[in-house]
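Colleague:
In the working numbering, the protein residues as written are 435 to 640.
Next comes the structure, spelled out in structure tokens:
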């Protein structure tokens, strides 16, 4: 086991002690997220106090913060608009964004994953077409292995978090596999369910 990451976590773990009970801090490696329910100016000031405390802690331990890598995301229900409070670190106003990518998953101010689905669809579709273009073999076994290795992980990564529930999103993601299996030798004229059965893929969508 490498001690470096463990020692770093121990080193930065006391950041949590700087956060008042009105706010919550989540730490992962060198990333820190602070969030709170904003109901009034007291809530607003609470988050700014947290930022000031972390900035002071970083200066004390000579771990320089980079305000340009820090952002603010206001989350609110679809029927309500969020109050756009402004926050700063060392006199640098933090930009307010409409969406953020966290650990490879993109979500917006409504905690919806439409942007993420569009992104992974485009990436997976492009890679699937690249496999069909670059591989000389038309062997279904080889192409299927390439698809399961290089394409499906894109579509399935962290799916327990963003798993789509709209039919249009499910069909959009499924279309990548539909297109790929249809291009395989001898499967063009078969239905999608038949192709899944022959390739021994999950056919729960049939």
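The beta-carbon is built from N, C-alpha and C at its ideal position, and this holds for glycine as well.
(1) Identify whether residue 500 lies in helix, strand or coil by the three-state DSSP scheme.
(2) Keeping to the same chain, check which residues put their C-beta closer than 6 Å to that of residue 595; ignore five residues upstream and five downstream.
(3) Got a sec, what are the start and stop residues for the alpha helix (DSSP H) residue 581 sits in?
(4) Alpha carbon to alpha carbon, how far is residue 557 from residue 456?
(5) Cα separation between residue 547 and residue 592?
(6) Using beta-carbon positions only, say whether residue 494 and residue 543 come within less than 8 Å of one another.
(7) Can you tell me whether residue 484 is buried or exposed, with buried defined as 16 or more other CB within 10 angstroms of its CB?
(8) Check residue 526 in the structure and name its three-state DSSP category.
(9) Please report the distance separating the alpha-carbon of residue 439 from that of residue 463.
(10) Could you say which of 590, 529, 582, 497 lies nearest to residue 553 if we only look at CA atoms?
(11) In terms of DSSP beta bridges, what is residue 506 paired with?
(12) With 8 Å as the threshold, decide whether the Cβ of residue 630 is near any Cβ in chain B.
(13) So, with DSSP's three-state summary, where would you put residue 457?
(14) Return the CA-CA distance between residue 613 and residue 563, expressed in angstroms with no decimal places.
(15) Excluding the 5 residues preceding and the 5 following residue 501 in the sequence, name in chain order all residues of the same chain whose CB lies nearer than 7 Å to its CB.
(16) Quick check: the Cα distance between residue 680 and residue 577, rounded to an integer number of angstroms?
(17) Around the Cβ of residue 634, are there at least 16 other Cβ atoms within 10 angstroms (buried) or fewer (exposed)?
(18) Around the C-beta of residue 505, are 16 or more other C-beta atoms found within 10 angstroms, so that it is buried, or is it exposed?
(19) Helix, strand or coil, according to DSSP, for residue 474 in the structure here?
(20) Return helix, strand or coil for residue 603, following the three-state DSSP convention.
(21) Measuring alpha carbon to alpha carbon, tell me which residue in 599, 611, 470 is nearest residue 566.
Modeller: With the structure as the only source:
(1) Taking the first residue of the chain shown as position 1, residue 500 is located at position 66. DSSP places residue 500 outside both helix and strand once states are collapsed to three, so it counts as coil.
(2) Start at 1 with the first residue of the chain shown, and residue 595 comes out as number 161. Answer for residue 595: 539, listed in chain order.
(3) Here residue 581 refers to the residue found at position 147 when the chain shown is read from its first residue. DSSP places residue 581 in the uninterrupted alpha helix (DSSP H) bounded by 574-584.
(4) Position 123 of the chain shown holds residue 557. Position 22 of the chain shown holds residue 456. Cα to Cα, residue 557 sits roughly 40 Å from residue 456.
(5) Here residue 547 corresponds to residue number 113 of the chain shown, with the count starting at 1. Here residue 592 corresponds to residue number 158 of the chain shown, with the count starting at 1. Taking the straight line from one Cα to the other gives about 12 Å.
(6) Against the chain shown, residue 494 aligns to sequence position 60. Against the chain shown, residue 543 aligns to sequence position 109. Not closer than 8 Å, so no.
(7) Walking along the chain shown from the start, residue 484 turns up at place 50. A buried status is given to residue 484, since no fewer than 16 other beta-carbon atoms sit within 10 Å of its beta-carbon.
(8) In the chain shown, counting from the first residue as 1, residue 526 sits at position 92. If DSSP states are grouped into helix, strand and coil, residue 526 belongs with the strands.
(9) Your numbering for residue 439 matches position 5 in the chain shown. Your numbering for residue 463 matches position 29 in the chain shown. Each residue's CA atom was taken as its position, placing residue 439 and residue 463 some 8 Å apart.
(10) The count along the chain shown starts at 1 and reaches residue 553 at position 119. Per the Cα distances, 590.
(11) If you number the chain shown from 1, residue 506 lands on position 72. Answer by DSSP bridge pairing, in chain order: 530.
(12) Annotation note: the requested chain B is absent from the structure, which comprises a single protein chain.
(13) As a working mapping, residue 457 is identified with position 23 in the chain shown. Residue 457: coil per DSSP, three-state reduction.
(14) Your numbering for residue 613 matches position 179 in the chain shown. Your numbering for residue 563 matches position 129 in the chain shown. In a straight line, the C-alpha of residue 613 is about 9 Å away from that of residue 563.
(15) To locate residue 501, count along the chain shown from 1; it is residue 67. Answer for residue 501: 523, 524, 526, 528, listed in chain order.
(16) What is shown of the chain runs 435 to 640, which leaves residue 680 out entirely.
(17) Here residue 634 corresponds to residue number 200 of the chain shown, with the count starting at 1. Exposed, because fewer than 16 other Cβ atoms sit within 10 Å of the Cβ of residue 634.
(18) Taking the first residue of the chain shown as 1, we reach residue 505 at position 71. Result: exposed.
(19) Residue 474 sits at position 40 when you count from the first residue of the chain shown. DSSP places residue 474 in coil when its eight states are reduced to three.
(20) Mapped onto the chain shown, residue 603 falls at position 169. In this structure, residue 603 counts as helix in the three-state DSSP scheme.
(21) Mapped onto the chain shown, residue 566 falls at position 132. Ranking 599, 611, 470 by Cα distance to residue 566 puts 611 first.
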